[in-house]
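There are 2 protein chains.
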Amino acid sequence: MKNSQLYKGSLNTIIMRLLEEKGRMYGYEITQKVKEITQGELNITEGALYPALHKLEAEGLLDVEVEKVDNRMRKYYKLTEKGTTETVNRLAELEEFIKNMQNIVNPKLSY
Amino acid sequence: MKNSQLYKGSLNTIIMRLLEEKGRMYGYEITQKVKEITQGELNITEGALYPALHKLEAEGLLDVEVEKVDNRMRKYYKLTEKGTTETVNRLAELEEFIKNMQNIVNPKLSY
DNA sequence: AAATATACATAAGTTTCTTATACATAACAA
DNA sequence: TTGTTATGTATAAGAAACTTATGTATATTT
Numbered sequence: 476m477k478n479s480q481l482y483k484g485s486l487n488t489i490i491m492r493l494l495e496e497k498g499r500m501y502g503y504e505i506t507q508k509v510k511e512i513t514q515g516e517l518n519i520t521e522g523a524l525y526p527a528l529h530k531l532e533a534e535g536l537l538d539v540e541v542e543k544v545d546n547r548m549r550k551y552y553k554l555t556e557k558g559t560t561e562t563v564n565r566l567a568e569l570e571e572f573i574k575n576m577q578n579i580v581n582p583k584l585s586y
Numbered sequence: 476m477k478n479s480q481l482y483k484g485s486l487n488t489i490i491m492r493l494l495e496e497k498g499r500m501y502g503y504e505i506t507q508k509v510k511e512i513t514q515g516e517l518n519i520t521e522g523a524l525y526p527a528l529h530k531l532e533a534e535g536l537l538d539v540e541v542e543k544v545d546n547r548m549r550k551y552y553k554l555t556e557k558g559t560t561e562t563v564n565r566l567a568e569l570e571e572f573i574k575n576m577q578n579i580v581n582p583k584l585s586y
């Protein structure tokens, strides 16, 4: 992903969140979108992305539709019903995680 | 650490940040402090913590002082000069990371 | 007396990533 | 026209960070 180790473990959540928002996306599109949102800071590598997509599909969280655009193959992914439910959980976890990390960086007075 | 994968990769930053704030801490104390700050949500396991501390020490980011308290050994860790400098960088990375993740969860209108 | 808390440590295995390689088409630059 | 960059997917080998399990030892609580 990036040199900063911090992103480790967040790839699945990123994918699912983007799919929740956009409805469906293909792999390369995801990498470009993330690069755009993070202003080039987070570059998802293919070696990380494609295995992650395949695993989410195998877990029944994503469905795939293959299409040919401009004579090139695209695999569009979208959330299954199960995936949509799970995304809600993961986003809640992410918000908790962010809150916890902020408390560590900038401790509350109570600590 | 925890079932949520999100914390993967953040342990070193957490340790360094706590040491920056408290001056010096021993391993067990770190686990308790993190548990307290996160209200029990993040439990750092010994299998993760001690190797991490040893590695940070080997990298010259931490110094260690062994003391015996109540007939039990404690290894107090503190940041070296190099470690203090590096902590500034890591905290900046962490803030960027948090910002990026928030942009993904809650996209700006510009995207 | 047994269980829990305090305190450190490591080894085996798993997961998630990086790096490298591979294939294929399209567009652009030299 | 030929090489490079962009688009698009895929996998395999290795590294890194973790979990789980185990081990040692003392103090405190039940």
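If you're matching them up, the sequences are chains A and B in order. Adding 475 to a residue's 1-based position in the first sequence gives its number in the working numbering. Adding 475 to a residue's 1-based position in the second sequence gives its number in the working numbering. Every residue gets a Cβ at the ideal spot worked out from N, C-alpha and C, and that includes glycine.
Minimum Cβ-Cβ distance from residue i to chain B less than 7 angstroms
i, result
"Gly484(A)", "yes"
"Asn518(A)", "no"
"Thr559(A)", "no"
"Leu481(A)", "yes"
"Met476(A)", "Residue placement at Met476(A) is poorly supported in this model, since its pLDDT is 46, which falls under 50; the coordinates are not used for a value here."
"Asn564(A)", "no"
"Asn575(A)", "yes"
"Glu568(A)", "yes"
Residue j beta carbon less than 7 angstroms from that of residue i
i, j, result
"Gly535(A)", "Thr555(A)", "yes"
"Leu528(B)", "Tyr552(B)", "yes"
"Gln434(A)", "Gly484(B)", "Missing from the structure shown is residue 434(A); chain A here goes from 476 to 586 and no further."
"Thr513(B)", "Asn575(A)", "yes"
"Ile490(A)", "Thr506(A)", "no"
Proximity test, Cβ basis, 7 angstroms: residue i and chain A
i, result
"Arg492(B)", "yes"
"Gln507(B)", "no"
"Asn581(B)", "no"
"Asn578(B)", "yes"
"Thr513(B)", "yes"
"Leu536(B)", "no"
"Glu542(B)", "no"
heavy atom of the ligand PLP below 6 angstroms from residue i C-beta
i, result
"Leu528(B)", "The ligand PLP is not among the ligands present in this structure, which contains no ligands whatsoever."
Beta strand (DSSP E) segment containing residue i, residue limits
i, result
"Leu554(A)", "Arg547 to Leu554"
query: Where are the beta strand (DSSP E) runs, 3 residues long or more, that stay fully inside the stretch 483-544 of chain A, in chain order?
result: As far as the stretch 483-544 of chain A is concerned, its whole beta strand (DSSP E) runs of at least 3 residues are 537-544.
- prompt: With a cut-off of 8 angstroms, do at least 3 Cβ pairs link the stretch 486-503 of chain B to the stretch 530-545 of chain B?
  reply: Verdict: yes, contact present.
query: Is the stretch 561-572 of chain A in contact with the stretch 572-580 of chain B, if contact means three or more CB pairs nearer than 8 angstroms?
result: Judged by Cβ distances under 8 angstroms, the stretch 561-572 of chain A makes contact with the stretch 572-580 of chain B, as three or more pairs qualify.
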